[in-house]
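Structure, as structure tokens:
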Amino acid sequence: MTESLHNILVAIVLAPLIGSILAGLFAGPLGRKGAHTVTIVGVAIACLLSMYVFKRIAIDEIGVFNQTIYTWLKSDGISFEVGFLVDNLTAMMMVVVTFVSLMVHVYTIGYMSHDEENWPEGSGAGVNSYQRFFSYISLFTFSMLMLVMANNFMQLFFGWEAVGLVSYLLIGFWSVRETAVFANLKAFLVNRVGDFGFILGIAGVLMYFNTLDYASVFAVAEQHKDLTMNIWGDEQWSVMTVICILLFIGAMGKSAQVPLHVWLPDSMEGPTPISALIHAATMVTAGIYMVARMSPLYELSETALTFVMIIGALTAFFMGLLGLIQNDIKRVVAYSTLSQLGYMTVALGVSAYAAGVFHLMTHAFFKALLFLGAGSVIIAMHHDQDMRNMGGLRKYMPWTWGTSLVGSLALIGAPGFAGYYSKDSIIMAVGASHLPYADLVYVMVLAGVFITALYSFRMYFLVFHGEPRMDEHTKEHLHECPRVVTWPLIALAVPSVAAGAVFVSSMPFGDFFDGAIKVAHEHDTLAHVGEHFHGWFSMFLHGFVALPTWLAAAGVGTAYYLYMKRPDIPAMIERKLSLVHWVLDNKYGFDAFNQGVIAAASRGLGRFLWKVSDLLLIDGLVVNGSAKSVGLLAAVTRHLQSGYLYHYAFVMIVGLLALFGIFILQ
Amino acid sequence: MDLTLTSFAPAMPEMFLLGMLSLVLVVDLFLTERTRHITYILSLLSLAGTFWLVLDGYPRLPELAFHGSYINDPMAALLKLFMLLAVMVVLVYSKEYIKQRDMYKGEFYLLVLFATLGMLVLASAHTLLTVYMGLELLSLSMYAMVALRRDNVDASEAAMKYFVLGAMASAMLLYGMSLVYGATGTLDFALMGEAAAKLPTNDVTMLFGIIFMLVGVAFKLGAVPFHMWVPDVYHGAPTAVTLFISSAPKLAAFAMLMRIFVDGLGELHQQWQGILIVMALLSFGLGNLVAIAQTNLKRMLAYSGISHIGFLLLGVLSGTSEGYAASLYYAITYVVMSLGGFGMILLLSRAGFEADKLDDLKGLNDRSPWFALMMMMLMFSMAGVPPFLGFWAKLAVIQAAVGVGLVWLAIAAVVFSVVGAFYYLRIIKLMYFDKPESDAPIESSADLRILLSANSLAVVGLGLFPSSLLAICSASIG
């Protein structure tokens, strides 16, 4: 049984990789059609097989698959291997990743069909860009699968870095645009900070557990609970707290939590399909997934859990506020992603891992849907992304309108939609938590619901309703997008509605994640909430009397009033509260601080090190010095090779005599 | 005399090769220039048949023949398989090259086959006499191969040097053998160790014998200070012949080292270890340093080969079975990489153009991205960059040296391999960052292209699954 799964799992990982290699290396011969065919077939295979694996593992319950596939090397007792750990959590992630990826692949055919217009005339970088894009997103699918299917930290790190690399490549996909290059450099550098913490965390695991294998680490984690370590001075730190916080710093980079969130809004410079796939649905949730996977470690440190919760709450609340003042349609969705990632992180912090992962899943569907909907609008608007130039698109693009409405309702947590079940579970779990500051966090996540509804429906009304504000030329060409664009929207709208009701009784409030996620009894907020849970329908009905629903409704109402009825009020608020607006407009000053202080200081330090220690000492003395002396030595010794036969014979005789001298006469 | 047929069985492949060789010799007499491909195909078939026979008779336990003067054990069989494989690859690689240079004659193939026979004998030698017989058969064929282009000044000069120095080395080896025979009273490796162990330590006759024999072996390997022939012969000989000299005969030389000093004189490990340490240190030191100053690709690869021999010796001198296995692994690895490196020169060469300058590689990426990629992988592998094959080989021999406490030697090896990385990386720089000097298309036959690609990809494939080959090597030594 496991043997047959073994081959299937290998095929799941390799199918997108092979597609990517073919599309990337043979871009010319394959052409556009060939490239998108091979990659879509590869991802479709991965998606179907993932669904089969999900059925076997989660529904037929054949047991957890944990096996090493390939050992690369063993060094000093540590083995570096590729292995798969597939339990319900992994199986769910595999389906989400491959399904969203497949939808994005199909959508991309429409979105990138005129990509040659995005490159300047005669630009060499624009050659085969269409095929390159498909190659990259397939490579991303492969990397993400490696990440979620890993059974050891080494492979986790590989996947982690690989998705980071592809994200970097795709943000800067239009490499002739300066803003894109700036954005991908920023994403790269900020993730470096996170990954630094992450690899230190892995090093900590290796140091104290002497293995990189998940199962072996988790099996003995309990025994390391009271271990302390000395970082500096005489202060003793709990090893578990240090490891968990370091790993979480990695998650903060990848999942864009305050203060390492600054790269995500800028990442919108990349093409929209990847904003949907990488920067909303999958890669940015890698941090959430990782923490959920490491739940046996996090459960041992309440300090780390509190830290996680607070960071999450800050992100959820403050990033939502920023969504209110954005005019770029993609940026609104980007800030909304940040805020929702904050919700997931809060869930992790209050030990409601299952709710966090549940929200991860529903969010993947409705946020991919919203992004692709935004992309569809952008296509129709000839790549104008400013909402102030839109309006009234409803009658031109009925499918995009309908699916976007579904996505928005799911996002704000309207009862019945997927987002309602997942977000409400999180909010209730926070209410049940006993961690310090949990009360404050509860207020913040509740306020977040109002804000979410406000910015979501501000966007919705500005784009789809009201008077059309675009110029005549654009207006004449407005029409619904081709079917490769609308079909993925519809396919994503289905789980955005249904996934919540279907899975709510098994995922957050059932035993779906038992075995994969471990929660200490005293932290088990979900079990506490679950006592009042009586099936999806009663939860749906309860929604109409619950506070979050009314907050969401108030948000929608406010948006309607402000942007449909009295569009003069927002401008007035902006004037009256100019200080607040200024703060929000500058995104709390994170960017200015990063660039003015951190980047400037690093550059100054770098310049100093470059001029003095690098050029003068290392390059000048050590590197060039040794290179010169080696070169000199080489030039001298090559003259030994004189070309004369008698010299050669002489050297042989001398060599012989020298050996005699050394070994006989000693 | 007991001459039953069963005692011939271990030598079956050699006898088959000898028979086929005689057949080729006769058939070739009746062939013209236009039908010469029959010789080519017959030679390949002889090698393939021998390969099959070796595989078929793969021994689980050592089998002796000819009254103990011939042995067929797993190490011999493994070495023979790779020798035959390497020679087949050489024949395919060199076909176009020798056609363009008026060397497409029966002699080339016959000499290759004779040399191969010599190598097989060497791999199976179990007395000093058999060693000498195999060695001379191999060497004499190679002298003639280098001299095959009589009208070429470089080639004649190289052949002359090779012959004179080879004769000297051979004489020293023979003298060493006679001394060892004098001291132990036997030529048989099975009895030699026992007899040697009875001698007083630091018996001068024995030490003299060991040193003289080591000089012979070191010459064949091309270890410093008995390496002087290597650059000149590699450079002067036609590239097809260089390809041959640098590949399979290195395995034969390794076999000779193992047979004489491990099978025969393993007990005297203490006495010969020090000499090998000196040679290893000098080899990877000098080889890597002087390679930097070369402008000719063949010479550079010659010096690189010298340095590889230094690494190979690291395993043998450690005197443990892990070390021997590591060296065997290294020898095979080196042959795979060397075939690829010289094969690339053959690929780029055409009538009247040797493509053996470093500058000829400039901008290869613009002319043929695929083969630039192949060459890059070969160079990374030679430099010992993970995950390519060469890295694992270096790791194995260095671990062997560390395992017996020779940490300083291991550090020296690592330092010099860093120095060596310079000239391998320079090739990559030339291929990718410089502009090509000519834009002549690369003309080469499909079989060469395919085999060379497979050769280079093997460097990656074996690097990703390093334990497979290493496990076979360990099992062969065990």
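Keeping their order, the protein sequence lines are chains R and Z. Numbering of the first sequence is given in our numbering, commencing with residue 1018 and proceeding in unit increments. Numbering of the second sequence is given in our numbering, commencing with residue 1469 and proceeding in unit increments. Yeah, the Cβ is synthetic: ideal placement off N, Cα and C, and Gly gets one too.
Report task. Closer than 8 Å by beta-carbon distance: list the chain R residues that pair up with Z:W1697, in chain order. Result -> Y1665
Query raised in the report: Taking a cut of 8 Å between CB atoms, which residues from the stretch 1641-1653 of chain R lie near chain Z?
Result: A1644, V1647, G1648, L1650, A1651, A1652
Report task. Counting only the same chain and skipping the five closest in sequence on each side, list residues whose C-beta sits under 8 Å from that of R:M1018. Result -> Its pLDDT being 49, under 50, R:M1018 is placed unreliably in this model, and the value from its coordinates should be taken loosely. Taken in chain order, the residues that qualify are I1079.
Query raised in the report: For the beta strand (DSSP E) that contains Z:I1539, what are its first and last residues?
Result: 1538-1540
Query - Reduced DSSP category for Z:R1569 - H, G, I as helix; E, B as strand; rest coil - result: coil
Query raised in the report: When we look at the beta-carbon of R:K1050 and count the other beta-carbons within 10 Å, is it buried (16 or more) or exposed?
Result: Exposure of R:K1050 is indicated by the presence of fewer than 16 other C-beta atoms within 10 angstroms of its C-beta.
Query raised in the report: If you drop the 5 nearest sequence neighbours on each side, which residues of the same chain put their C-beta closer than 8 Å to that of Z:G1773?
Result: G1690, V1698, Y1702, S1714, K1718, G1755, Y1802, S1806
**Report entry** Delimiting residues of the beta strand (DSSP E) encompassing Z:F1839
**Finding:** It is not in any beta strand (DSSP E) - Z:F1839 instead sits in the alpha helix (DSSP H) that spans 1837-1851.
Query raised in the report: Nearest chain R C-beta to Z:L1733 closer than 8 Å, yes or no?
Result: no
Report task. Give the DSSP-derived three-state secondary structure of R:E1078 in the structure shown. Result -> coil
Requested in this report: Would you mind reading off the limits of the alpha helix (DSSP H) that contains Z:I1509?
Outcome: 1505-1524
**Report entry** Helix, strand or coil at R:F1677 according to DSSP, with G and I counted as helix
**Finding:** helix
Query - Closest Cα partner of Z:E1564 within the set Z:D1915, Z:P1934, Z:A1939 - result: Z:D1915
Requested in this report: Return the chain-ordered list of same chain residues with a C-beta closer than 6 Å to the C-beta of R:H1380, the five sequence neighbours on each side being excluded.
Outcome: Q1357
Requested in this report: Give the straight-line distance between the Cα atoms of R:T1320 and R:V1367, rounded to the nearest whole angstrom.
Outcome: 11 Å
Query raised in the report: In chain order, which alpha helix (DSSP H) runs of at least 4 residues are fully inside the stretch 1312-1373 of chain R?
Result: 1312-1315, 1319-1340, 1346-1366
Query - R:V1123, buried or exposed, once every other Cβ within 10 Å from all chains shown has been counted against 16 - result: buried
Query - C-beta contact flag for Z:L1581 and Z:S1511 at 8 Å - result: Contact: yes.
**Report entry** Minimum Cβ-Cβ distance from R:G1672 to chain Z less than 8 Å
**Finding:** yes
Query raised in the report: Leaving out five residues before and five after Z:T1763 in sequence, what residues of the same chain have Cβ atoms less than 6 Å from its Cβ?
Result: L1826
Query - R:P1587 versus R:S1312: straight-line alpha-carbon distance, rounded - result: 44 Å
Query raised in the report: Which chain R residues sit within Cβ distance under 8 Å of Z:I1679?
Result: L1673, L1676, F1677, F1680, I1681
Query raised in the report: Just to confirm, are Z:L1641 and Z:F1694 a CB contact at a threshold of 8 Å?
Result: Cβ distance not < 8 Å, so Z:L1641 and Z:F1694 don't count as in contact.
**Report entry** Residue span of the alpha helix (DSSP H) that contains Z:L1893, given as start and end
**Finding:** 1875-1901
Requested in this report: Drop a sphere of 10 angstroms on the beta-carbon of R:H1490, count the other beta-carbons inside from all chains shown, and report buried for 16 or more, exposed for fewer.
Outcome: exposed
Query raised in the report: Name the DSSP beta bridge partners of R:N1105, please?
Result: Paired residue(s): none; R:N1105 is not in a bridge.
Query - Distance, Z:F1810 Cα to R:L1034 Cα - result: 33 Å
Query raised in the report: Cα separation between R:D1585 and R:Y1578?
Result: 10 Å
Query raised in the report: Mind checking R:A1232: buried by the 16 CB within 10 Å criterion, or exposed?
Result: exposed
**Report entry** Beta carbon of R:S1118 nearer than 8 Å to that of R:I1062
**Finding:** no
Report task. Measuring only between beta-carbons, confirm whether Z:M1469 sits less than 8 Å from chain R. Result -> Any reading at Z:M1469 is ruled out, since the residue's pLDDT is 48, under 50, leaving its predicted position unreliable.
Query raised in the report: For R:M1018 and chain Z, any beta-carbon pair shorter than 8 Å?
Result: With a pLDDT of 49 at R:M1018, under the threshold of 50, the modelled position of this residue cannot be trusted, and the question is left open.
Query - Buried/exposed call for R:G968, threshold 16 Cβ in 10 Å - result: Any question about residue 968 of chain R goes unanswered here, given that chain R covers just 1018 to 1683.
Report task. Determine the DSSP secondary structure at Z:F1821, reduced to helix, strand or coil. Result -> In the displayed model, Z:F1821 falls within a strand according to three-state DSSP.
Query - Cβ-based contacts, 9 Å cut-off: residues of the stretch 1665-1676 of chain Z near chain R - result: N1670, V1672, L1675, F1676
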